[in-house]
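In UniProt numbering, the protein residues as written are 1 to 446.
All residues carry an ideal CB built from backbone N, CA and C; glycine is no exception.
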């Protein structure tokens, strides 16, 4: 099908590109905040460990930014090549946020370059810290603008179609549609959460390998606390997203929850499998929970999937993406709470290898939750590319070369993925913490 069906091939190539890009986009949004927090603590406490964290994280961040530029460019290219009819219809509406996203990236990149070049060049280190403010703002604004495009695809506003022609275009209304705020806040919060837990995984990895460096212990403590804060924030914002779906995209919520019949006091279906007759088996059914999730009312009526034409129903496998996302999110909140409480009361077992191994898994699991959330969002919009106006089948290219493009881009992403791992590994192996710390302090030390 990849080579024979251009619509299927376009969908798979877009999924591949977005799935790969979201790794670097998430890091690109979240890590600047972590760098800024570490450097602020280092300056406030005159602590070389936190200052070194900021410096080392910034070095690694530059590599991920470079790869993110390539994958982000690929997305822009594929929008025009794979979805020409969508761009023909909606291009005039979404041109503003697409342009502003590029502007925000260059804004971030310019100040990141100045920040890296001016290490140790300011007598007052607080002035150097201020350079991170536009970097963090640029990263967050980049996420904001590109997410507004996705929100527009789910809630198209800011235009009218008269006799098949696009008229009355209002780009600001399109950007600030009803879906924007729930999507943007959830995307940014989960990026902060995931970046923190990835950095915690790196610290846990070094401690598991036997490192006694205080640097790694402090890094683990900082990132776990920040990760916990944003894990809780992500859960709360996810709740708002569920309420948005209940009101404005009830078919997506119904498919994600395997809720087929409209009913009051609707239960939430967690896990389970679905047989050919749409009977749910082996699931945990939580009474009233779906009504509470949707409307904060245990007696509220929740629209079932059977209320919608079959050709407009999202695929039912998105239920698994929802389960993966909320399961991992809940686990990370639990893991963070245990760590913070255990640190507060000096529980020895949180320093055991098995617990640090759980922290090590937390970073990759958080990224899997990010991927699952995006797959839920994108597959859950099916069959629409622009909800209510254009289906995926109508928007896709009819080119016979999509399958070849998939292979070429897959090779590119494989090379980039291997390359970034090799570069980061060599960079930090050749410059271990001990060497950088000694250089920073002007002598040996911890």
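ask   = Touching or not, the stretch 397 to 405 and the stretch 25 to 33, by the rule of three or more beta carbon pairs under 8 angstroms?
value = no
request  = Within its chain, find whatever has a CB closer than 7 angstroms to the CB of residue 218; leave out the 5 residues flanking it on each side and keep chain order.
outcome  = Here residue 218 refers to the residue found at position 218 when the chain shown is read from its first residue. Answer for residue 218: 49 and 50, listed in chain order.
request  = Give a yes or no on contact between the stretch 297 to 314 and the stretch 259 to 271, applying the rule of three or more CB pairs nearer than 8 angstroms.
outcome  = yes
ask   = Which of helix, strand or coil does DSSP assign to residue 199?
value = Counting from 1 along the chain shown, the entry for residue 199 is found at position 199. Looking at residue 199 - three-state DSSP - the assignment turns out to be helix.
task = Quick one: grab the DSSP three-state call for residue 71.
result = Indexing the chain shown from 1 puts residue 71 at position 71. Residue 71 falls in the helix class under three-state DSSP.
query = Could you give the distance in angstroms between the alpha-carbon of residue 171 and the alpha-carbon of residue 427?
reply = Stepping through the chain shown from its first residue, residue 171 is reached at position 171. Stepping through the chain shown from its first residue, residue 427 is reached at position 427. For residue 171 and residue 427, the distance between alpha carbons rounds to 44 angstroms.
key: First through last residue of the alpha helix (DSSP H) which encompasses residue 361   = If you number the chain shown from 1, residue 361 lands on position 361. Run containing residue 361: 353 to 379, per the alpha helix (DSSP H) assignment.
key: Segments assigned alpha helix (DSSP H), at least 4 residues, entirely inside the stretch 113 to 186   = 125 to 130, 132 to 154 and 171 to 175
inquiry  = DSSP three-state label for residue 349, please.
reply    = For this step, residue 349 is matched to residue 349 along the chain shown. Looking at residue 349 - three-state DSSP - the assignment turns out to be helix.
query = If residue 145 sits next to residue 182, beta carbons under 8 angstroms apart, how far is it from one beta carbon to the other, in whole angstroms?
reply = Indexing the chain shown from 1 puts residue 145 at position 145. Indexing the chain shown from 1 puts residue 182 at position 182. At roughly 16 angstroms, the Cβ-Cβ gap does not stay under 8 angstroms, so residue 145 and residue 182 are not in contact.
Residue 270 - DSSP class collapsed to helix/strand/coil = As a working note, residue 270 is residue 270 in the chain shown. It is a strand residue.
query = What residues match up with residue 302 in a beta bridge as DSSP calls it?
reply = Locating residue 302 in the chain shown gives position 302, counting from the first residue. Residue 302 is bridged to 263.
task = Mark residue 122 as exposed unless 16 or more other C-beta atoms lie within 10 angstroms of its C-beta, in which case mark it buried.
result = Taking the chain shown and counting its residues from 1, one reaches residue 122 at position 122. The residue is exposed, with fewer than 16 neighbouring Cβ atoms inside 10 Å.
ask   = What are the complete alpha helix (DSSP H) segments, minimum 4 residues, inside the stretch 6 to 66?
value = 6 to 45
ask   = Looking at the unbroken alpha helix (DSSP H) that takes in residue 247, where does it start and where does it end?
value = On the chain shown, residue 247 is found 247 positions in, with the first residue counted as 1. Run containing residue 247: 214 to 248, per the alpha helix (DSSP H) assignment.
ask   = For the putative contact between residue 169 and residue 97, defined by C-beta atoms under 8 angstroms, what is the C-beta separation to the nearest angstrom?
value = Here residue 169 corresponds to residue number 169 of the chain shown, with the count starting at 1. Here residue 97 corresponds to residue number 97 of the chain shown, with the count starting at 1. Between residue 97 and residue 169 the Cβ distance is about 13 angstroms, and since that is not below 8 angstroms, they are no contact.
task = Give the secondary structure of residue 391 by DSSP, where H, G and I count as helix, E and B as strand, and everything else as coil.
result = To locate residue 391, count along the chain shown from 1; it is residue 391. Here residue 391 sits in strand by DSSP.
query = Exposed or buried, residue 53, counting other C-beta atoms within 10 Å across all chains shown (16 or more means buried)?
reply = Locating residue 53 in the chain shown gives position 53, where the first residue counts as 1. It counts as buried.
message = Counting C-beta neighbours from all protein chains within 10 Å, is the total for residue 271 16 or more, i.e. buried, or is it exposed?
response = By one-based count along the chain shown, residue 271 stands at place 271. It counts as exposed.
ask   = Cα-Cα, which of 274, 200, 251 and 435 is closest to residue 310?
value = Taking the first residue of the chain shown as position 1, residue 310 is located at position 310. The shortest Cα separation from residue 310 among 274, 200, 251 and 435 belongs to 251.
ask   = DSSP on residue 386, reduced to helix/strand/coil?
value = Numbered from its first residue, the chain shown carries residue 386 at position 386. Looking at residue 386 - three-state DSSP - the assignment turns out to be strand.
task = Could you check what DSSP says for residue 85 in three-state terms: helix, strand or coil?
result = Residue mapping note: residue 85 aligns to position 85 of the chain shown, counting from 1. Residue 85: helix per DSSP, three-state reduction.
message = So, for residue 253: in the same chain, excluding its five sequence neighbours on each side, which residues have a beta-carbon less than 6 angstroms away from its beta-carbon?
response = Within the chain shown, the letter at position 253 stands for residue 253. 245 and 246, listed in sequence order.
message = Whole angstroms are fine: how far does the CA of residue 85 sit from the CA of residue 446?
response = One-based indexing of the chain shown puts residue 446 at position 446. One-based indexing of the chain shown puts residue 85 at position 85. The predicted model places residue 446 with a pLDDT of 40, which falls under 50 and marks its position as unreliable, so this point remains unresolved.
Segment limits, beta strand (DSSP E) that includes residue 284 = The sequence position of residue 284 within the chain shown is 284, counting from 1. Residues 284 to 286.
query = If residue 333 and residue 342 are in contact, beta carbons under 8 angstroms, what's the gap, nearest whole angstrom?
reply = Here residue 333 corresponds to residue number 333 of the chain shown, with the count starting at 1. Here residue 342 corresponds to residue number 342 of the chain shown, with the count starting at 1. The pair is not a contact, with the Cβ atoms about 15 angstroms apart (cut-off 8 angstroms).
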